């Protein structure tokens, strides 16, 4: 049986922490769908631009079992559509764990055949967050305008 997983996220921007998890998932699963998603709670950049950037960065890895997709639906629905039995989620700390645990519980209620797998990035990558990277970029823009 082919083991498929989906790794959903905004990936705004995709960074080394995400890539680390994707590489780890690619070793565990026969196929990993990296689902560039919309998060209504975040003011993310254009989804098509994020999709393009993710495809470019991940193509450089030359890992054959990674597929980047655009996701505008509920994750469990997309997982079912692509035949995924697993949802990969990354946790860096206890705050992430609490947040992700709630999402996992809700996904299980929606489809109890799809299991959530928590993965931890390498130690040197646990402080990286897309939110921090966006804030740094915003600050640089402000400084350059001054």
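In this note's numbering, the protein residues as written are 36 to 181.
Every residue gets a Cβ at the ideal spot worked out from N, C-alpha and C, and that includes glycine.
Please read all numbers here as calculations on a predicted model, not as lab measurements.
- Assignment of beta strand (DSSP E) within the stretch 40-126, counting only whole runs of 3 or more residues, yields 66-72, 101-106, 121-125 in chain order.
- The stretch 128-147 makes no contact with the stretch 53-72: fewer than 3 CB pairs, one atom from each, lie closer than 8 Å.
- With a cutoff of 7 Å on beta-carbon distance, residue 119 and residue 41 are scored as near each other.
- Here DSSP, grouped into helix, strand and coil, assigns residue 148 to coil.
- The alpha-carbon separation between residue 47 and residue 88 amounts to approximately 10 Å.
- In the same chain as residue 153, and ignoring 5 residues on each side of it, the C-beta atoms closer than 6 Å to its own belong to 124, 126, in chain order.
- Taken atom to atom, the span from the alpha-carbon of residue 38 to that of residue 142 is near 19 Å.
- Residue 148 holds the alpha-carbon nearest to the alpha-carbon of residue 112 among 86, 148, 158, 95.
- Listed in chain order, the non-local C-beta contacts of residue 114 below 7 Å within the same chain comprise 41, 122, 149, local neighbours out to five positions each way being set aside.
- Short of 6 Å from the beta carbon of residue 135, and not among the five residues preceding or following it, lie these beta carbons of its own chain, in chain order: 124, 126.
- Taking the Cα of residue 93 as reference, the smallest distance to any Cα among 61, 144, 158 is reached at 61.
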